[in-house]
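Q:
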Amino acid sequence: MMSTTTKAKALRKFKDAGTGGNYAADQTIENLTPGQLANYMAAGLVEPVAASAKAESEAKKA
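Going by this note's numbering, the first residue of the sequence shown is number 1323, and it counts up by one from there.
1. Can you give the Cα-Cα distance for GLN1358 and GLY1366, rounded to whole angstroms?
2. Look at the Cβ atom of LYS1331, then the Cβ atom of VAL1371, and state whether they are nearer than 8 Å.
3. Measuring CB to CB, does GLU1352 end up less than 8 Å from LYS1337?
4. Just how far apart, CA to CA, sit GLN1349 and GLY1342?
5. How long is the line joining the alpha carbons of THR1402 and ALA1339, rounded to whole angstroms?
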């Protein structure tokens, strides 16, 4: 079974005490598990990055 990972944008600087990860405000965090994303969102630390938003951003650069 494949695990699903997702991306999120950090809303502020924070350190994950469980994993030791340090994240800066506005940093894109990749490879989050659904559980990590839910926990970070519940704490108000991140917002999900939509795949369509990334595609739109790349299209504007072209």
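Backbone N, C-alpha and C define an ideal beta-carbon position, used for all residues, glycine too. Note that this is a predicted model, so its numbers are computed, not measured.
A: Let's see:
1. 12 Å
2. yes
3. no
4. About 16 Å.
5. There is no way to answer for residue 1402, as the model of the chain reaches only from 1323 to 1384.
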